[in-house]
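Here you go:
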């Protein structure tokens with residue numbers, strides 16, 4: 001799968017469902033209003049219109065993707081970075097999909113909304129959090145808050161915290177500002193700024209932290225690029241599902 005030569009178009013549903021984008025947009029507005037976390041959940045599924053109610057960029061969405069007639073949990077998670085991964089192992093996973101370092105840093109900015117589970121940041125807050133965060137009361141308070149949410153042992157794996165505690169329900173660039181202070185919740189996020197191997201990523205984090213328009217533009221471009229990652233065989237063997245949860249019968 002690579003982000004090249006896509007067979008997706010903006011008018012794929014022009015004749016069969018001409019009001020598709022209006023329908024999706026209206027439904028997404030309702031879902032995000034009912035629970036802002038839905039925006040972050042939909043990012044993972046790559047329904048771009050989810051940002052209507054949380055701010056952030058808007059762009060035209062190429063459509064026409066075909067669903068597989070089979071499903072594989074293992075295949076779906078192949079090459080996805082884990083929360084504890086280092087920068088040197090994350091970058092090749094993006095390269096494999098045809099995405100650049102610039103794409104990677106911009107796409108990670110989607111963590112400006114959404115929540116993280118305790119089991120995904122436990123090693124971070126009981127590991128190197130204090131060494132990356134600046135020495136100020138806010139950092140200390142945030143670390144204490146995270147530890148109160150996520151105990152070192154004895155359960156709590158599914159306890160949640162916002163990845164951007166400043167503006168958790170807004171799509172903005174404050175996530176990068178937290179990385180500058182060493183307050184990224186996930187290790188894989190903080191690596192973008194703190195890794196000794198992150199010469200390029202560190203500069204991008206600093207750029208997006210002070211220039212929200214630059215972040216929005218690159219995020220839009222990178223999301224479209226990621227959306228163009230397709231399997232050419234799916235256009236022959238795949239289908240457009242009537243119900244996203246089930247194959248057509």
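Residue numbers (UniProt numbering): 1 to 249.
Beta carbons are placed, not taken as given, at the ideal position from N, Cα and C, and that holds for glycine.
In this text the structure is predicted, and so the values were computed from the model without any measurement.
Would you list the one or two residues that DSSP bridges to residue i?
i	result
residue 117	160
residue 67	239
residue 246	243
Just the C-alpha distance for residue i and residue j, rounded to the nearest angstrom, thanks.
i	j	result
residue 13	residue 20	7 Å
residue 189	residue 35	24 Å
residue 119	residue 85	14 Å
residue 48	residue 111	Caution applies to residue 48, whose pLDDT of 34 falls short of 50 and renders its modelled position unreliable; the model cannot decide the point.
residue 130	residue 182	8 Å
residue 169	residue 226	23 Å
residue 205	residue 249	47 Å
residue 27	residue 136	42 Å
Report the residue from the options whose alpha carbon sits nearest the alpha carbon of residue i.
i	options	result
residue 212	225, 173 and 228	173
residue 138	128, 165 and 114	165
residue 163	179, 152, 17 and 151	179
residue 123	11, 143 and 136	143
residue 171	191, 135, 220 and 24	220
Quick one: residues in its chain with C-beta nearer than 8 Å to the C-beta of residue i, no 5 flanking neighbours on either side, listed in chain order?
i	result
residue 154	none
residue 134	181 and 182
residue 90	81, 104, 188 and 191
residue 67	234, 238, 239, 240, 241, 244 and 247
Which whole-angstrom value is the C-beta distance of residue i and residue j, which I expect to be below 8 Å?
i	j	result
residue 116	residue 160	7 Å
residue 198	residue 87	5 Å
residue 176	residue 109	7 Å
With a CB to CB cut of under 6 Å and the five nearest residues on each side skipped, what residues in its chain are close to residue i?
i	result
residue 121	185 and 186
residue 222	103, 106 and 107
residue 194	132
residue 200	101
Using a Cβ-Cβ cut-off of 7 Å (strictly less than) and excluding sequence neighbours within five positions of residue i, which residues of its own chain qualify?
i	result
residue 214	207 and 208
residue 83	120, 121, 186, 187 and 188
residue 255	What the structure shows of the chain is the stretch from 1 to 249, and residue 255 is not part of that stretch, so it cannot be assessed.
Using beta carbons (cut-off 8 Å, strictly below), is residue i in contact with chain D?
i	result
residue 197	Within the model displayed, chain D is absent; a lone protein chain is all it includes.
Quick one: is the Cβ of residue i within less than 7 Å of any heavy atom of the ligand HEM?
i	result
residue 117	Absent from the structure shown: the ligand HEM. Ligands present: none.
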